[in-house]
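Heads up: the structure comes next, in structure tokens.
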Amino acid sequence: MSVRVRFAPSPTGYLHVGGLRTALYNYLFARKHGGKFILRIEDTDRTRFVAGAMENLITTLRWSGLDFDEGPDAGGPHGPYIQSERTGLYQRLGKELLEKGHAYKCFCTAERLDEMRMLQQRMGQPPRYDKFCEHLTATEIKEKEVAGLPFVVRMKVPERTVRFQDEIRGLIEIDPSNIDDQVLLKSDGFPTYHLANVIDDHDMEITHVIRGEEWLPSTPKHILLYDYFGWQHPKFAHLPLLLNSDRSKLSKRQGDVAVEDYRAKGYEREALINFVAFLGWNPGTEKELFSLEELEKEFDLDRVGKSGAIFNVDKLNWYNQQHLKAKPAEEILDQIRPVLAEHAIQAPDSFVLRVIELMRDRVNFLPEFVTFALYFYQDPAGYDQETIRAKWMPDTLIWLQNLAGRLAGISVFSHDQIEAALKETAESLGIKPGGLVQPLRIAVSGVSAGPALYHMLEILGKETVIRRLEKAVTTIQL
RNA sequence: GGCCUGUUCGACUAGGGGUUUAGGUCAUCGCCCUUUCACGGCGGUAACACGGGUUCGAAUCCCGUACAGGCUACCA
326 MSVRVRFAPS
336 PTGYLHVGGL
346 RTALYNYLFA
356 RKHGGKFILR
366 IEDTDRTRFV
376 AGAMENLITT
386 LRWSGLDFDE
396 GPDAGGPHGP
406 YIQSERTGLY
416 QRLGKELLEK
426 GHAYKCFCTA
436 ERLDEMRMLQ
446 QRMGQPPRYD
456 KFCEHLTATE
466 IKEKEVAGLP
476 FVVRMKVPER
486 TVRFQDEIRG
496 LIEIDPSNID
506 DQVLLKSDGF
516 PTYHLANVID
526 DHDMEITHVI
536 RGEEWLPSTP
546 KHILLYDYFG
556 WQHPKFAHLP
566 LLLNSDRSKL
576 SKRQGDVAVE
586 DYRAKGYERE
596 ALINFVAFLG
606 WNPGTEKELF
616 SLEELEKEFD
626 LDRVGKSGAI
636 FNVDKLNWYN
646 QQHLKAKPAE
656 EILDQIRPVL
666 AEHAIQAPDS
676 FVLRVIELMR
686 DRVNFLPEFV
696 TFALYFYQDP
706 AGYDQETIRA
716 KWMPDTLIWL
726 QNLAGRLAGI
736 SVFSHDQIEA
746 ALKETAESLG
756 IKPGGLVQPL
766 RIAVSGVSAG
776 PALYHMLEIL
786 GKETVIRRLE
796 KAVTTIQL
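The first sequence lines up with residues 326 to 803 when you count with this note's numbering.
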């Protein structure tokens, strides 16, 4: 049987990085084993409906490079892939459970339930449904139905131990005697996660359920449901959690958790994927940098760890830098076009490409190819006074004037010619070249940090350099 | 509270009875390269939660304790 896995997020408005990792592992597992990756939207909680959330989720998932084979807008033989469009199925199967005696109608009000839990709590007992409605007689049920009382469908949880093999954690044993009679169908007719999840995973022929560790305790309920329906359950793999720096479950309160946030900050999808892949998995070798394609070949569940991993932005930044360094200049150019436009920069591609190569090792985020290199496109608006104070000598401006003259005389404005001219100027002035280097950089670019000076000047061209030098000589004040 | 899961440098992790003076990466510190800023190179600091057991031998297997996290909804 070929592998079929799914990512089944609830559309809350954005894609959580933990969700991205779950999606990634599912995707990689499918690709590795030549199977299918399915996207299913779990929107059975109408009170948490967020307009546009699903569309945003799909956009972000696609941005990250995780293509799904079946899903809401990709179609497929097991649709619809949105749970709110499948309620008929859940109701039919819920009824089947009722008829088989594996579930019962519960008419308890929210008030009674609250009161019951309060009482249990006060007596130091675990809060649990007291099965009040399980023992309703047929006539009592009829009466309540006729009266039009709202009800839920609860599953009967038996008093026996459920065992299952987790692909990551090994044998798990849970005694459902300490599990609630779970609500399967809510009073609004929608299913809960547990029911919908089991039905859909079966209906969509899912072979491996790869999900977060938070689902581990409720897996026995799911296994029971498969049993009740007479279905074989898929294999389960529960992934370790992603953590805040204080080791609590990764949350919005402590920094950015939305993939969209990282995208907006200029992180590369490749870096985010590489980083997140290593949060809980490693290849067992010392290779750190992986493309999605390489991950597809290397990934497998048997190298996924068991303990939670802290989401460490420093390391993400490093991955980002590494992926940026490896990216072809043409691709970078395409990606920074919007940033160039934002700064109203118009320059030939060939020119921008040269700037990109020069800036490569000095950039951590994509937009910095532009924002750290503005002086390539426009004359400096000011000069870094602090560096001027540190580097200026009484005669520096005169030296620069002198240097401008010599630069103007260069026939081919290449980096080695420029270097030679600077050295000659220094010699004729009786100073060290170092007395000219930083002042020249400031005069031309306005700032003290930047790429190799002579290469920078070469790209700028003779006219621009001379013009800026002359302007600097008349503008800079000590 | 109950149930479940986990615990190797500050972080991500390798190692799963002798190959280990516990390896790699990020971060941090130092040196080199560099007339800037970076990149890069070299090196340093730094970890098997604790207690018992099994064994000739335990980071590795077993038990317990501690700590951490998750779950305990008509949320997912």
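Just so you know, even glycine gets a beta-carbon here, dropped at the ideal spot from N, CA and C.
query	result
Pairwise C-alpha distance: D392 and S573	30 Å
E410 and H403 closer than 9 Å at C-beta	no
DSSP-derived helix/strand/coil call for R331	strand
Cβ neighbours of D353 in the same chain (closer than 8 Å, five flanking residues each side left out)	The question names Asp, but residue 353 is Leu in the sequence shown. Only A602, L620, E621 and F624 meet the Cβ criterion.
Neighbourhood of R628 by C-beta, 8 Å cutoff - its chain only, sequence neighbours within 5 removed	W606, N607, P608 and G609
Separation of S616 from L765, as counted between CA atoms	41 Å
Alpha-carbon to alpha-carbon, K361 and D586	29 Å
Bridge-paired residues (DSSP) for E498	R488
DSSP state of F561 mapped onto helix, strand, coil	strand
Bounding residues of the beta strand (DSSP E) (the contiguous stretch that carries V508)	V508 to L510
Selection from I743, E593 and S739 that minimises the alpha carbon distance to A729	I743
Where V737 falls, given that 16 or more other Cβ within 10 Å makes a residue buried	exposed
Cut-off 7 Å between Cβ atoms - residues of its own chain near S773, not counting five sequence neighbours on either side	D709, T712, Q763, R766 and I767
T800 versus L761 - alpha carbon distance	17 Å
Cut-off 8 Å between Cβ atoms - residues of its own chain near I657, not counting five sequence neighbours on either side	L649, I681, L691 and F694
Same chain only: Cβ atoms within 7 Å of N642, ignoring 5 sequence neighbours per side	N689
Inter-residue Cα distance where the pair is C431 and V477	5 Å
Under 9 Å between C-beta atoms of P282 and F489	The chain is shown from 326 up to 803; residue 282 falls before or after that span and cannot be answered.
At least three beta-carbon pairs within less than 8 Å, the region 336 to 343 to the region 575 to 592	yes
Same chain only: Cβ atoms within 6 Å of D505, ignoring 5 sequence neighbours per side	R453 and Y454
Distance between P336 and R373 (C-alpha atoms, nearest Å)	9 Å
Contact set for L418: own chain, Cβ-Cβ below 6 Å, skip 5 residues either direction	I524
Beta-carbon spacing of I635, N569 below 9 Å	yes
For K574, the three-state DSSP class (helix, strand or coil)	strand
Rounded separation between A348 and T412 - CA only	25 Å
Per DSSP, the bridge partner or partners of F362	V330
Within 9 Å, strictly: CB atoms of V482 and S502	yes
H427 - DSSP class collapsed to helix/strand/coil	coil
Length at least 4, wholly inside the region 740 to 780: the alpha helix (DSSP H) runs in chain order	740 to 754 and 759 to 770
Segment contact flag, the region 529 to 537 with the region 590 to 599, C-beta cutoff 8 Å, min 3 pairs	no
Inter-residue spacing [alpha-carbon to alpha-carbon] between T462 and L510	20 Å
Reduced DSSP secondary structure (H/G/I, E/B, other) of I548	helix
Uninterrupted alpha helix (DSSP H) stretches inside the region 641 to 696 (no shorter than 4 residues)	654 to 667, 674 to 684 and 693 to 696
Check whether L575 and Y350 have beta carbons under 9 Å apart	no
Residue span of the beta strand (DSSP E) that contains V477, given as start and end	V477 to M480
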